[in-house]
Each structure stands twice: as structure tokens, then as C-alpha cells.
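Numbering (the working numbering), first residue to last: 3 to 257.
Where is the CB? At the ideal position from N, CA and C, for every residue including glycine.
All values derive from a computational prediction rather than experimental measurement.
A quick write-up on the structure given underneath.
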């Protein structure tokens, strides 16, 4: 059977999602062709960045748009941006981002919960970006989130799984798909997150700033697939101390 996951009643086979931020035609092409992304996020405020340019023109029609509420400082602003995205044809998917902190760009979990409830009640498929906290995750699930998107490290930092232990708690204790977002800097880190049981990985800066964008996009795809296969196969046990021989050390002497 195909190994897929579902968001808002829509089935996806690719577990790589292209994040918004450092857009270029090369990056979008690499995400679609090399990484085989089926979901691409975009900031609503950037859909018309120039008089004759629209980011929407660069994204293939078969890709699901995930507009985000970047720039929102509270739930009210996030809801307004989401409604605007729907009006301009971006569909019902929305990534809620609410950040009052301009230095570290950490999400405001309480305002995110409020926005998630309001938008889910209006029929949106809500994917909230959140700081990995179990109580917030449970509240988001009750509010109607389709998935949760905990940060691995500060946005754009490429620092990797700085919040690994807390993300693992969310994976273990919530029924929602956990999409690891922000801070993943290397394919190996994406692989590790997938081995933990994450449903998908969102990345942007790590690929956009690579010397070879298409090659890095493909590396992320392969790493995500490998990590997912490792998780499904069941990761082997880790010994607390000592060693355990995989083959008999002396038995052959008695033959």
C-alpha cells in the first residue's frame, strides 16, 4: 500500500513541504521536480511583490497552496489574512503563524489556539505553527487543527533539532500529524525527524541557501524517504552500556 498521509481530506504521498521565505523560480522548480513537493507555502502579503510579478504564477496547478499568516501579531489579524487568502483563490488550507517577538520569531501559542478555533469553525484546514508544548498541542487538537507544526529551531537558523525531545513528546502523545517546521538545516536532520515519527518536514532556507539548489532538494527528498522507512521498519534498540555481538564470537570453534 502507498505510504500517504491526509490533511483536510486530501491525500499526500510526498512528505516534503516547501516553506515560504526565500523564493526564487529555481527553488520552486527544485522543490517540485527534485524534491517532489506537493504542498508549497506562501505568505499572502507576498503574492504580489511587484507590479508584474505574482508568486502564484510560479507554482504549478497540481501543487496544494498553503498560505500563511506571516506578519500577524494576534488571532484577529491571522484570521483576517486567512480570509484574504481564500478570497484571492488560495483555497481552504492555511498555516497559522502569529509572532509578536521580532527578534527570535517565536510563535505565540495562545493566540495561535484562538485563531485555529476561529478558522476551523469557518471550514479552513488549519495547520498551526507552534512552539512544541504538549498542553498547547492538545488545545490545538481540540480547536480543530488538521496538524501541528512545531519548530525544530528558530526560523532560518539551520540549527536542526534543537527541540527534539519536546517534538518527540508531541509525536507520542497527540493523534495529529506532526510536521516539523523551521530550523532544519541538513538532510540528515530531516531524516532524524522522520525516524522519530514525524509525518512530514517543512524546509526552505536549507535548500534556498545551498550551493546547488536542485541537488539539495533531491537530498532532502531522499533523506525524508529514508527516515520514514526507518521509522516504519522499527528502529533497533540502543544499549545503555557495553556491546552486543551481531554474530557468535566462539561458537564456530565447537563445530
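- Bridge partners of residue 81 according to DSSP: none are assigned.
- Around the beta carbon of residue 120, 16 or more other beta carbons sit within 10 angstroms, so the residue counts as buried.
- DSSP places residue 97 within a strand segment (E or B) once states are collapsed to three.
- Cβ atoms of residue 203 and residue 212 stay farther apart than 8 Å, at about 15 Å.
- If you draw a straight line from the Cα of residue 223 to the Cα of residue 180, it comes to about 18 Å.
- Excluding sequence positions up to five before and after residue 62, its CB lies within less than 8 Å of the CB of 34, all in the same chain and listed in chain order.
- The Cβ-Cβ distance between residue 117 and residue 147 does not fall below 7 Å.
- Taking C-beta separations shorter than 8 Å and ignoring five residues to either side along the sequence, the partners of residue 143 in its chain run 150, 176, 177 and 178, following chain order.
- When DSSP states are grouped into helix, strand and coil, residue 183 belongs to the strand group.
- Assigned with DSSP and collapsed to three states, residue 133 falls in coil, not helix or strand.
- For residue 18, the enclosing beta strand (DSSP E) begins and ends at 18–20.
- Distance check between residue 125 and each of 145, 139, 39 and 134 places 145 closest, using alpha-carbon atoms only.
- CA-to-CA, the gap between residue 102 and residue 210 works out to about 26 Å.
- In the DSSP annotation of this structure, the continuous segment of the beta strand (DSSP E) that includes residue 42 starts and ends at 41–45.
- If you compare the alpha carbons of 114, 105 and 13 with that of residue 96, the shortest gap goes to 114.
- Secondary structure of residue 224 (DSSP, three-state): helix.
- Taking residue 86 as the centre and dropping the five residues before and after it, the same chain places the C-beta of 46 closer than 8 Å to its C-beta, in chain order.
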